[in-house]
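Novice: In this note's numbering, the protein residues as written are -2 to 288.
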DNA sequence: ACCAGCTCCTGCTTGC
DNA sequence: TGCAAGCAGGAGCTGG
């Protein structure tokens, strides 16, 4: 799935067709994703204005003028695709006046929104690990989906003392700890590997030993890798695409992820990237320069 | 309370 | 070429 940079890229792609716009209609094409849709889901969205489209951890949050918020999680394979009327193509191509009727009716196209942008927004998720629900906007923070989520890594609230405190006494590996959304929000397998590489910290190191000096290195490493990835439009491996169907390209800048057997890219390091399995997930790292 | 392991689902890649 | 096993970016739940 989309990790924080991919969700943020999707949010930015959706802004022009969602924020400040009316939802003309919403349609679900099955009864559930990872969880069932809430009662009267489509009716509660119809005619509403999206006042703000924001992101919390890996969730997209669309605040509506009804006092409710539409919550979207892309899971492992969720995408949002925008089809727009009057899209201008490159010279030599035609200008599209209508959205093809079949857009949004693929096997795994589960939710279709029409907005007055005008645009059709299609949520596609072949693995259905994603979710979509509606919550009262002023009760979001107390909801079980959000109440235990840690600080946003790109905000000022994520700092060396905060990370140190969150890791204090943790016996698990730093790799597993950073995947825990209660410690810090929005990191997934790829960016944890990349951040630990940049910080020269071994993924096998016990989490509690990071507090202090190592956390001073790790916090900026996390911020930089996420910032760089957002700037690159996210990473595309298998299932992620931007809202216009194009691909992110940060994957070409991975230092260790999915690079088992390749030479370590760190300056002066003669190590080789290794793969190991932690908590059932692949970890990629350089044993020579990550200690 | 914490932590490792399992599970949901489908599709792509890999290896025999 | 065909087929089955293995693997995938998340995260909630179970049981030790």
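By construction, the Cβ of each residue, glycine as well, lies at the ideal position given by its N, Cα and C atoms. A quick note: this is a predicted structure, and the numbers were derived from the prediction, not measured.
Under a Cβ-count criterion, where at least 16 other Cβ atoms within 10 Å of its own Cβ denotes burial, should residue 239 be classed as buried or exposed?
Specialist: Looking up residue 239 in the first chain gives position 242. Residue 239 is buried by the Cβ-count criterion.
Novice: Less than 6 Å between C-beta atoms, sequence neighbours within five positions excluded: which residues of the same chain meet that for residue 128?
Specialist: Numbered from its first residue, the first chain carries residue 128 at position 131. The answer, listed in chain order, is 30, 31, 32 and 70.
Novice: When DSSP labels each residue in this structure, what does residue 186 get in the three-state scheme?
Specialist: Mapped onto the first chain, residue 186 falls at position 189. Residue 186: helix per DSSP, three-state reduction.
Novice: Among 74, 108, 79 and 167, which residue has its Cα nearest to the Cα of residue 125?
Specialist: The residue you call residue 125 lines up with position 128 of the first chain. Considering only alpha carbons, the answer is 74.
Novice: Looking at the structure shown, is residue 108 part of a helix, part of a strand, or coil, going by DSSP?
Specialist: Within the first chain, residue 108 is the residue found at index 111, counting from 1. Three-state DSSP puts residue 108 in a strand.
Novice: Rounded to whole angstroms, what is the Cα-Cα separation between residue 91 and residue 199?
Specialist: Indexing the first chain from 1 puts residue 91 at position 94. Indexing the first chain from 1 puts residue 199 at position 202. Annotation note: pLDDT 46 at residue 91 (below 50); position unreliable, coordinate value reported separately. Counting only the Cα atoms, residue 199 lies some 53 Å from residue 91.
Novice: Measure the CB-CB distance between residue 97 and residue 14 and report whether it falls below 8 Å.
Specialist: Position 100 of the first chain, counted from the start, is the residue given in the question as residue 97. Position 17 of the first chain, counted from the start, is the residue given in the question as residue 14. Their beta carbons are not under 8 Å apart, which means residue 97 does not touch residue 14 by this criterion.
Novice: From the DSSP secondary-structure annotation, give me the bridge partner or partners of residue 59.
Specialist: Counting from 1 along the first chain, the entry for residue 59 is found at position 62. Note: residue 59 sits in a beta bridge opposite 50 and 67.
Novice: Just tell me which of 248, 141 and 106 has its CA closest to the CA of residue 120.
Specialist: Numbered from 1 along the first chain, position 123 holds the residue referred to as residue 120. Per the Cα distances, 106.
Novice: Once DSSP output is grouped into helix, strand and coil, what is the label at residue 157?
Specialist: Here residue 157 is taken as the residue at index 160 of the first chain, counted from 1. Under the three-state reduction of DSSP, residue 157 is assigned to helix.
Novice: According to DSSP, is residue 44 helix, strand or coil?
Specialist: Locating residue 44 in the first chain gives position 47, counting from the first residue. DSSP places residue 44 in coil when its eight states are reduced to three.
Novice: Determine the extent of the alpha helix (DSSP H) in which residue 173 is found, giving its start and end residues.
Specialist: To locate residue 173, count along the first chain from 1; it is residue 176. Start and end: 171 to 176.
Novice: What's the C-alpha gap between residue 211 and residue 41?
Specialist: For the purposes of this step, residue 211 is identified with residue 214 of the first chain, where counting begins at 1. For the purposes of this step, residue 41 is identified with residue 44 of the first chain, where counting begins at 1. So the two alpha carbons sit approximately 48 Å from each other.
Novice: I'd like the span of the beta strand (DSSP E) that includes residue 278, first residue to last.
Specialist: In the first chain, counting from the first residue as 1, residue 278 sits at position 281. Run containing residue 278: 278 to 282, per the beta strand (DSSP E) assignment.
Novice: I need the DSSP call for residue 240, collapsed to helix, strand or coil.
Specialist: Stepping through the first chain from its first residue, residue 240 is reached at position 243. If DSSP states are grouped into helix, strand and coil, residue 240 belongs with coil.
Novice: Can you give me the Cβ contacts of residue 257 inside the same chain, cut-off strictly under 8 Å, excluding the 5 residues immediately before and after it?
Specialist: Taking the first residue of the first chain as 1, we reach residue 257 at position 260. Excluding positions up to five away in sequence, the list reads 270, 271, 272 and 281.
Novice: Quick check: the Cα distance between residue 163 and residue 170, rounded to an integer number of angstroms?
Specialist: Here residue 163 corresponds to residue number 166 of the first chain, with the count starting at 1. Here residue 170 corresponds to residue number 173 of the first chain, with the count starting at 1. The alpha-carbon atoms of residue 163 and residue 170 are separated by roughly 13 Å.
Novice: Go to residue 226, then tell me how far its alpha helix (DSSP H) extends in each direction, as first and last residue.
Specialist: Position 229 of the first chain, counted from the first residue, corresponds to residue 226. Its alpha helix (DSSP H) spans residues 210 to 228.
Novice: May I have the straight-line CA-CA distance separating residue 21 from residue 175, to the nearest angstrom?
Specialist: Walking along the first chain from the start, residue 21 turns up at place 24. Walking along the first chain from the start, residue 175 turns up at place 178. Their Cα atoms are separated by approximately 40 Å.
Novice: Check the DSSP bridge columns for residue 33 and list the partner residues they point to.
Specialist: Taking the first chain and counting its residues from 1, the one referred to as residue 33 is at position 36. Looking at the DSSP assignment, residue 33 forms a beta bridge with 29.
Novice: List the endpoints of the continuous alpha helix (DSSP H) containing residue 12.
Specialist: Start at 1 with the first residue of the first chain, and residue 12 comes out as number 15. Unbroken alpha helix (DSSP H) run through residue 12: 1 to 15.
Novice: Are there 16 or more other CB atoms within 10 angstroms of the CB of residue 18, so buried, or fewer, so exposed?
Specialist: Here residue 18 corresponds to residue number 21 of the first chain, with the count starting at 1. By the neighbour-count rule (16 or more Cβ atoms within 10 Å), residue 18 is buried.
Novice: Which same chain residues end up closer than 6 Å to residue 180 when comparing Cβ atoms and leaving out the 5 residues on each side of it in sequence?
Specialist: Locating residue 180 in the first chain gives position 183, where the first residue counts as 1. Answer for residue 180: 147, 163 and 174, listed in chain order.
Novice: Taking only the alpha-carbon atoms, compute the straight-line gap between residue 223 and residue 160 and give it to the nearest angstrom.
Specialist: Counted from its first residue, the first chain places residue 223 at position 226. Counted from its first residue, the first chain places residue 160 at position 163. Distance between the alpha carbons of residue 223 and residue 160: 16 Å.
Novice: With 16 other CB atoms within 10 Å as the buried threshold, where does residue 193 fall?
Specialist: For the purposes of this step, residue 193 is taken as the residue at position 196 of the first chain. Under this definition residue 193 is a buried residue.
Novice: Give the straight-line distance between the Cα atoms of residue 288 and residue 227, rounded to the nearest whole angstrom.
Specialist: Within the first chain, numbered from 1, the residue matching residue 288 stands at position 291. Within the first chain, numbered from 1, the residue matching residue 227 stands at position 230. C-alpha separation (whole angstroms): 27 Å.
Novice: Relative to the C-alpha of residue 56, which candidate in 138, 245, 249 and 78 has its C-alpha closest?
Specialist: Within the first chain, numbered from 1, the residue matching residue 56 stands at position 59. Closest option to residue 56, judged by alpha-carbon separation, among 138, 245, 249 and 78: 138.
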